[in-house]
Amino acid sequence: MGVVHKLIETNGKQGALALDIDRKIIEIASDYMADEEGGIGFLYSGWAQAALPHKRLADDAVWQIQTDKVTMIVEPGRRAVRDASPIPVGVPFGSKARLIMLYLQTEALKRQNREVELGGSLRAWLKRMGIPQGGKSINDVKEQAERLSRCRLSFHIQHGSSSGLINQNIVDSAMFSEAEEIVPTRKRQLVAQVRLSELFYEQLKKHPVPIEEAAIRALNGHSQALDLYCWLAYRLHALQRQTPITWVALKAQFGPGTGRMDHFKTGFIDNLKLALAVYPEAGVTVGPAGVVLYPSRPPIAPR
Numbered sequence: 003m004g005v006v007h008k009l010i011e012t013n014g015k016q017g018a019l020a021l022d023i024d025r026k027i028i029e030i031a032s033d034y035m036a037d038e039e040g041g042i043g044f045l046y047s048g049w050a051q052a053a054l055p056h057k058r059l060a061d062d063a064v065w066q067i068q069t070d071k072v073t074m075i076v077e078p079g080r081r082a083v084r085d086a087s088p089i090p091v092g093v094p095f096g097s098k099a100r101l102i103m104l105y106l107q108t109e110a111l112k113r114q115n116r117e118v119e120l121g122g123s124l125r126a127w128l129k130r131m132g133i134p135q136g137g138k139s140i141n142d143v144k145e146q147a148e149r150l151s152r153c154r155l156s157f158h159i160q161h162g163s164s165s166g167l168i169n170q171n172i173v174d175s176a177m178f179s180e181a182e183e184i185v186p187t188r189k190r191q192l193v194a195q196v197r198l199s200e201l202f203y204e205q206l207k208k209h210p211v212p213i214e215e216a217a218i219r220a221l222n223g224h225s226q227a228l229d230l231y232c233w234l235a236y237r238l239h240a241l242q243r244q245t246p247i248t249w250v251a252l253k254a255q256f257g258p259g260t261g262r263m264d265h266f267k268t269g270f271i272d273n274l275k276l277a278l279a280v281y282p283e284a285g286v287t288v289g290p291a292g293v294v295l296y297p298s299r300p301p302i303a304p305r
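Counting with the numbering used here, you get residues 3 to 305 for the letters of the sequence shown.
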């Protein structure tokens, strides 16, 4: 159990809030500890090593993350417009895109079916994750669902002197509830159903990372903290010894859109604290050279 969790257990939430600790960390840790709904989610291990952008890019921009082992390239898809050239819809970004991806992967694995509904079931799941069900929030969900449905991925994997390439769509096909393929760009399509691509689905079945829905609920709205939690869930339990990760490597993986290293470090440390607030067993220390990861129990015990 982490220091913050012991303080909350000893002093209660209100007592911990009175201490000289970031209020946001106390709130997230307390929400996580008080969560009784349970639930397990799943994501493909590739997403734990390379993630989507946190902020909106230009609609025609390509996103790339490069680590020592994996390079991920996300290309925006295009939407047909009558009597005009197809237009790019942009790559998915932010916490809502991550939640939709988590929902798709979790539903596909639990049901052992790569066809997934995005109607009432998605809305109910997002409500459980703490996402408001109206106004701008639901419009953001529609936008990210369309971006995910249309984008294309490339994973370039390096293993020693060998390398591999996986080109794939996340989604093979999608059904839209409104026939807006010919409507100008100001309107968003509502994705009603998707079928995950066979290659993506097979990779998900072979390499799933189980995570706690309670952690995802508590981190709702903090996209980098979500990425760090998923990364730690993937890495820590597989370690045989303590493993240092340099700031340069961390910035390449988690902050390619951040210019200055000092700005990246500040944001990274803040978000790491949030991720650790929902992963009490995680062994991580921060130092001048970067972070050190320690072998730790996974968030979800293996069956």
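All C-beta atoms, glycine included, are put in the ideal place defined by N, C-alpha and C.
Kindly indicate which residue of the options has the alpha-carbon position closest to the one of residue i.
i      : options                           : result
Phe44  : Ile218, Gly166 and Pro134         : Ile218
Val293 : Arg299, Pro301 and Ala284         : Ala284
Lys267 : Ile10, Val280, Pro246 and Ala291  : Ala291
Ser164 : Leu238, Gly40, Lys71 and Gly259   : Lys71
Gly289 : Pro297, Trp249 and Pro304         : Trp249
Gly132 : Arg237, His224 and Leu201         : His224
Gly259 : Gln51, Ser139, Gln160 and Ile67   : Ile67
Pro301 : Asn273, Trp233, Gln255 and Asp272 : Trp233
Asn273 : Leu221, Ser298 and Ala52          : Leu221
Met103 : Phe202, Ala18 and Thr73           : Phe202
Lys57  : Arg299, Gly269, Lys26 and Val93   : Val93
Ile27  : Ile10, Ala52, Trp49 and Ala50     : Ile10
Asp174 : Glu200, Arg84 and Gln255          : Glu200
Ile89  : Gln114, Gly48 and Asp61           : Asp61
Gln255 : Trp49, Arg25 and Gly17            : Trp49
Would a C-beta distance cut-off of 9 Å place residue i and residue j closer than the cut-off?
i      : j      : result
Ser97  : Leu228 : yes
Leu101 : Leu128 : yes
Leu295 : Gln244 : yes
Glu119 : Ala194 : yes
Ala240 : Thr69  : no
Arg197 : Glu117 : yes
Ile253 : Met263 : Note that residue 253 is Lys in the sequence shown here, rather than Ile. Yes, the Cβ-Cβ distance between Lys253 and Met263 is below 9 Å.
Tyr34  : Val280 : yes
Arg130 : Glu39  : yes
Phe95  : Leu124 : no
Val64  : Ala31  : no
Gln51  : Tyr236 : yes
Tell me the DSSP bridge mates of residue i?
i      : result
Glu117 : Arg197
Arg154 : Glu77 and Asn171
Leu271 : The displayed chain sequence assigns Ile, not Leu, to residue 271. None; Ile271 has no bridge partner.
Ser164 : His161
Val294 : Pro246 and Thr287
Glu214 : Ile42
Glu67  : The sequence shown places Ile at residue 67, rather than the Glu named in the question. Beta-bridge pairing links Ile67 to Met74.
In its own chain, which residues sit with a C-beta less than 7 Å from the C-beta of residue i, not counting the 5 before and 5 after it?
i      : result
Gln107 : Phe44, Leu45, Tyr46 and Leu206
Arg330 : In the structure displayed, the chain extends from 3 to 305; residue 330 sits before or after that span and is not available.
Gly4   : Leu278 and Pro282
Pro134 : none
Grab me the residues of residue i's own chain with a C-beta within less than 6 Å of its C-beta, minus the 5 sequence neighbours each way, in chain order.
i      : result
Ala181 : Unreliable placement is indicated for Ala181, whose pLDDT of 40 sits below 50; no coordinate value is reported for it.
Arg152 : Gly79 and Val91
Val143 : Lys98
Ser298 : Leu238, Glu283, Ala284 and Gly285
Ile75  : Gln66 and Ser156
Asp37  : Ala216
Gly41  : Glu215
Glu183 : At Glu183 the pLDDT is 40, less than 50, meaning the model places this residue with poor confidence; the figure from the coordinates comes in the next sentence. Excluding sequence neighbours, Glu183 sits near Ala82.
Ile168 : Phe157
Which same chain residues, not among the five before or five after residue i, have their C-beta less than 8 Å away from its C-beta?
i      : result
Ala303 : none
His161 : Lys71
Gly269 : Gln226, Gly257 and Thr260
Q) Unbroken alpha helix (DSSP H) runs of length 4 or more, entirely within the stretch 69 to 97: which are they? A) Unbroken alpha helix (DSSP H) stretches of 4 residues or longer found wholly inside the stretch 69 to 97: none.
Q. What residue ranges within the stretch 19 to 59 form continuous beta strand (DSSP E) runs of no fewer than 3 residues, ordered along the chain?
A. 42 to 46
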